[in-house]
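Accompanying notes for the structure given below.
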Ligand code: NAD
């Protein structure tokens, strides 16, 4: 059956990079028989301009209908003075909540050709390939009670609550173990079980779930040690699973190991592996409209979509191989260019990936 993909370009460079990812999808559809149908809708600032809302009802309805969603990025200077409740970024949060996307998958992948782009020594990061699985809809970011209260002595006290139900831990653990099965079969669960009871439970449940995946080697690390290890020897990791807040911090740290924000894709999945796929970067208003943004993070997000939501591993691998070939040929957008190299445009990079795909046949 033909799979429905909803395309949400969003704002800023979103429209430019998504255009290139769509070129790749159309190539696979027209030349390789990938059975997909693409529809477009508005989100973020573009949706505010057209409808007054960052997430119009029809966009959410279309997202619910679709098998997978490809998002560019939202936000920009134009909407910064709006009330926080109707800013472009609310469109994104509304999609995550409305679709119950509880599992955020963020690979930190460094193509050997770009090892010099990292702030770490090339030998520490060359060939790096980690996947961080972050719980996205629970934990301290959502726990109640929360707020700022006034104590009897008049002093104010801020408070948040770290909460996880067994079922929430169990479902993210399953996603992580299954992702590890598709990779190098190593999973590290990150917690702070020595201090936080909630993550003591986290460790217990992850260990329980692990019994269902005897082919995956499970280890545990406290978050402070995990942060240190990620910088000291990041290649020791395959898949990492962790809570919402720890994942937020560690995945940003890990993304910087790989040098450029323009290279990293992400997936947010629901319980049935339906997902929203997007580059980890924002709408880059500083370079929007100049045809110079790097579209590879978005193109690699398409590869993740094919792997995780559409079960099309061969097509996913074909895209990743094509990206590697393009980098081997020395084709670079400005963000990954070394001094003295001449950068190509966003659209030229998209064309190069399609050409490399065609060469693979
Ligand atoms: P950003 O990620 O947009 O940009 C940070 C820096 O990285 C900028 O210098 C930008 O030019 C560069 N950059 C980003 N993507 C690039 C690419 N593909 N190629 C080349 N260079 C790239 O972050 P920001 O500047 O903090 O935020 C800009 C806007 O994006 C804000 O409105 C913010 O709220 C929004 N934002 C949206 C998302 C999202 O849609 N998922 C995520 C983060 C930020």
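In our numbering, the protein residues as written are 1001 to 1361. Glycine is no exception: its CB is placed at the ideal position from the N, C-alpha and C atoms.
Neighbourhood of residue i by C-beta distance below 8 Å, restricted to the same chain and skipping five residues each side
| i | result |
| --- | --- |
| residue 1155 | none |
| residue 1292 | 1333, 1334, 1343, 1345, 1346 |
| residue 1185 | 1215, 1216, 1217, 1238 |
Cβ-based neighbour list, residue i, same chain, cut-off 7 Å, excluding 5 preceding and 5 following
| i | result |
| --- | --- |
| residue 1160 | 1140, 1143, 1146 |
| residue 1313 | 1307 |
Residue i beta carbon near the ligand NAD (any heavy atom closer than 7 Å)
| i | result |
| --- | --- |
| residue 1281 | yes |
| residue 1316 | no |
| residue 1343 | no |
| residue 1278 | yes |
| residue 1333 | yes |
| residue 1092 | yes |
| residue 1330 | no |
| residue 1098 | no |
| residue 1294 | yes |
| residue 1215 | no |
| residue 1286 | yes |
| residue 1150 | no |
| residue 1155 | no |
| residue 1073 | yes |
| residue 1289 | no |
| residue 1020 | no |
| residue 1262 | yes |
| residue 1249 | no |
| residue 1048 | no |
| residue 1362 | Residue numbering for the chain in the displayed model covers 1001 to 1361; residue 1362 lies beyond these limits and cannot be assessed. |
| residue 1084 | no |
| residue 1036 | no |
| residue 1275 | no |
| residue 1017 | yes |
| residue 1197 | no |
Neighbourhood of residue i by C-beta, 6 Å cutoff - its chain only, sequence neighbours within 5 removed
| i | result |
| --- | --- |
| residue 1260 | 1117, 1335, 1336 |
| residue 1300 | 1265 |
| residue 1349 | 1295, 1333 |
| residue 1303 | 1316, 1319, 1320 |
| residue 1327 | 1111, 1113 |
| residue 1004 | 1037, 1066, 1067 |
| residue 1191 | 1199, 1202, 1203 |
| residue 1325 | 1356 |
| residue 1014 | 1072, 1073, 1283 |
| residue 999 | In the structure displayed, the chain extends from 1001 to 1361; residue 999 sits before or after that span and is not available. |
For residue i, the residue or residues it bridges with in DSSP
| i | result |
| --- | --- |
| residue 1163 | BP columns for residue 1163 are empty, so no partner. |
| residue 1004 | 1037 |
| residue 1241 | 1133, 1189 |
| residue 1106 | 1132 |
| residue 1150 | 1156 |
| residue 1069 | 1006, 1276 |
| residue 1266 | 1278 |
Check whether residue i and residue j have beta carbons under 8 Å apart
| i | j | result |
| --- | --- | --- |
| residue 1096 | residue 1136 | yes |
| residue 1205 | residue 1169 | yes |
| residue 1172 | residue 1223 | no |
| residue 1037 | residue 1087 | no |
| residue 1308 | residue 1272 | no |
| residue 1076 | residue 1052 | no |
| residue 1027 | residue 1354 | yes |
| residue 1180 | residue 1238 | yes |
| residue 1148 | residue 1157 | yes |
| residue 1279 | residue 1297 | yes |
| residue 1073 | residue 1006 | no |
| residue 1234 | residue 1084 | no |
| residue 1050 | residue 1042 | yes |
| residue 1069 | residue 1120 | no |
| residue 1267 | residue 1105 | yes |
| residue 1134 | residue 1252 | no |
Residue i, enclosing alpha helix (DSSP H) - first and last residue
| i | result |
| --- | --- |
| residue 1113 | It is not in any alpha helix (DSSP H) - residue 1113 carries neither H nor E in the DSSP assignment. |
| residue 1134 | Residue 1134 -> not in any alpha helix (DSSP H); beta strand (DSSP E) instead, spanning 1129–1135. |
| residue 1206 | 1197–1210 |
| residue 1308 | 1296–1308 |
| residue 1029 | 1013–1032 |
| residue 1317 | 1313–1328 |
N- and C-terminal bounds of the beta strand (DSSP E) containing residue i
| i | result |
| --- | --- |
| residue 1140 | No beta strand (DSSP E) contains residue 1140, which DSSP labels as neither H nor E. |
| residue 1222 | 1217–1222 |
| residue 1345 | Where residue 1345 is concerned, there is no enclosing beta strand (DSSP E), given that its DSSP letter is neither H nor E. |
| residue 1050 | Run containing residue 1050: none in the beta strand (DSSP E); it sits in the alpha helix (DSSP H), 1045–1051. |
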